[in-house]
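Using the numbering used here, the letters of the sequence shown correspond one by one to residues 201 to 507.
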Amino acid sequence: MKKITIATRGSRLALWQANHIKSLLEGQYHGLEVDLLKIKTTGDKILDVPLAKVGGKGLFVKEIEEALLDGRADLAVHSMKDVPTELPEGLIVGVIPEREDNTDSLLSVHYGSLAELPQGATVGTSSLRRGAQVKALRPDLEVRDLRGNVDTRLRKLVEGEYDAIVMATAGMKRLELEAPKSSLLAPPEFLPAVAQGALGIEYKADGPMAEMLAFLNHEPSKIQVQAERGFLTGLEGGCQVPIAAYAEHDGQTVHLTGYLSDTDGSNPIRMEAEGPVADAFEIGLGLARKVIEAGGDEILERVYGEL
Numbered sequence: 201m202k203k204i205t206i207a208t209r210g211s212r213l214a215l216w217q218a219n220h221i222k223s224l225l226e227g228q229y230h231g232l233e234v235d236l237l238k239i240k241t242t243g244d245k246i247l248d249v250p251l252a253k254v255g256g257k258g259l260f261v262k263e264i265e266e267a268l269l270d271g272r273a274d275l276a277v278h279s280m281k282d283v284p285t286e287l288p289e290g291l292i293v294g295v296i297p298e299r300e301d302n303t304d305s306l307l308s309v310h311y312g313s314l315a316e317l318p319q320g321a322t323v324g325t326s327s328l329r330r331g332a333q334v335k336a337l338r339p340d341l342e343v344r345d346l347r348g349n350v351d352t353r354l355r356k357l358v359e360g361e362y363d364a365i366v367m368a369t370a371g372m373k374r375l376e377l378e379a380p381k382s383s384l385l386a387p388p389e390f391l392p393a394v395a396q397g398a399l400g401i402e403y404k405a406d407g408p409m410a411e412m413l414a415f416l417n418h419e420p421s422k423i424q425v426q427a428e429r430g431f432l433t434g435l436e437g438g439c440q441v442p443i444a445a446y447a448e449h450d451g452q453t454v455h456l457t458g459y460l461s462d463t464d465g466s467n468p469i470r471m472e473a474e475g476p477v478a479d480a481f482e483i484g485l486g487l488a489r490k491v492i493e494a495g496g497d498e499i500l501e502r503v504y505g506e507l
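Written out as structure tokens, the structure is:
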């Protein structure tokens, strides 16, 4: 192939990610022309409603997947945490490049950590998972919805709309951004979203892309993502539910920690499982079953009932 097209969202971070893969492809295949097709997704269009209340899965990928299926694009680069566990027939996320930092960051103008925030301070986040874990650690804080791209969120922080905000560390690193003060919210105290910090490359299962893209795959990262997505699949969860998962492995054994709670951080269920890396996805599914049996089904029922 002399020319391929990458479908991507149009945000600054999404374009960084797509251009990162573009440069790796052009470096690997001399003379290859790589174009970007920018697509506005449902999640990009609806900015005045909390993500959890928009409903549905695939808010940031559906229109991009349509471009893959109708041939306008050859591959798509996603933030893997945005990708639903069920893909349209004929498509596959077969390549996971090396994962970036999977932690979250607390960003502020005046306060250097969660502990330093004053009583009743406002914390902005679009994620129920982040909000629930913040509330569990500091029940006195007011968690408020925060939408928009990375730059918009940082601007709202600097303009004083929030005392602090929580965002993925990976996005800050990739765009080389920083806030006046920041601190990591990291395992074991604060668990990341499923596949946070990982990119996923999606393409047609029966096309030529699998072989062409194989050099980009990072197997250690892929194993982590498989275990974490197994947990998410087992809970049938999406952005409407406070679900977190954190997988580690030594090349032979996967250790997975899973988390589920009510939206206010109450009734947390945190459980662990481990097994061989070849069974990473099944280990995630099994851990989800254990969480459901421990009361997770009641939490899911309550959370969906609130929406």
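For glycine and all other residues, C-beta sits at the position ideal for the given N, C-alpha and C.
On a predicted model such as this, the values are computed, not experimentally measured, just so you know.
Figure out for me which residue from the options has the closest Cα to the Cα of residue i.
i: Y403; options: A321, N219, L268 and I204; result: L268
i: Q452; options: A488, Q424 and P318; result: Q424
i: V394; options: M412, L413 and S421; result: S421
i: D235; options: V293, I292 and M201; result: M201
i: A379; options: E263, P387 and V350; result: V350
i: H418; options: P442, D450, I296 and S461; result: I296
i: L500; options: N467, E472, M280 and S327; result: N467
i: R429; options: L413, F481 and L385; result: F481
i: L287; options: E263, V441, R353 and I483; result: E263
i: G294; options: A398, K381, T241 and T369; result: A398
i: L341; options: E506, R212 and D464; result: D464
i: I206; options: Y229, Q228, L237 and Q217; result: L237
i: R212; options: K240, L328, L385 and Y229; result: K240
i: L456; options: D462, Q426, P442 and Y504; result: Q426
i: L460; options: A445, S313 and V334; result: A445
Helix or strand or just coil, what does DSSP make of residue i?
i: P476; result: strand
i: D220; result: Checking the sequence, you will find His at residue 220 rather than Asp. It is helical.
i: S421; result: helix
i: E402; result: strand
i: I499; result: helix
i: G484; result: helix
i: E266; result: helix
i: T208; result: strand
i: K240; result: coil
i: Y459; result: strand
i: P442; result: coil
i: E411; result: helix
i: V254; result: The pLDDT assigned to V254 is 46, lower than 50, so where the model puts this residue is not dependable; a value taken from the coordinates is nonetheless given after this. If DSSP states are grouped into helix, strand and coil, V254 belongs with the helices.
i: I296; result: coil
i: R470; result: strand
i: L432; result: helix
i: L375; result: coil
i: L291; result: strand
i: G437; result: coil
i: Q426; result: helix
i: G505; result: helix
So if DSSP puts residue i in a beta bridge, which residue, or which two residues, is it bridged to?
i: V358; result: Beta-bridge pairing links V358 to no other residue.
i: R203; result: Per the sequence shown, the amino acid found at residue 203 is Lys instead of Arg. Note: K203 sits in a beta bridge opposite E233.
i: S305; result: M367 and L384
i: S313; result: Bridge partners of S313: none, in fact.
i: V454; result: H449 and G475
i: A276; result: A207 and E402
Are three or more beta carbon pairs between the region 408 to 421 and the region 302 to 314 nearer than 8 Å? The answer is no - the region 302 to 314 does not touch the region 408 to 421, with fewer than three Cβ pairs under 8 Å.
Next on the checklist: With three or more C-beta pairs closer than 8 Å as the rule, is the region 220 to 229 touching the region 351 to 363?
Outcome noted: Short answer: they don't touch.
Any contact of the region 434 to 450 with the region 486 to 493, i.e. 3+ C-beta pairs under 8 Å? By the Cβ rule, the region 434 to 450 counts as touching the region 486 to 493, because three or more pairs are nearer than 8 Å.
Practice item. For the region 320 to 355, list the beta strand (DSSP E) runs that are entirely contained and at least 3 residues long, ordered along the chain. Key: DSSP runs (the beta strand (DSSP E)) wholly in the region 320 to 355: 322 to 325 and 342 to 345.
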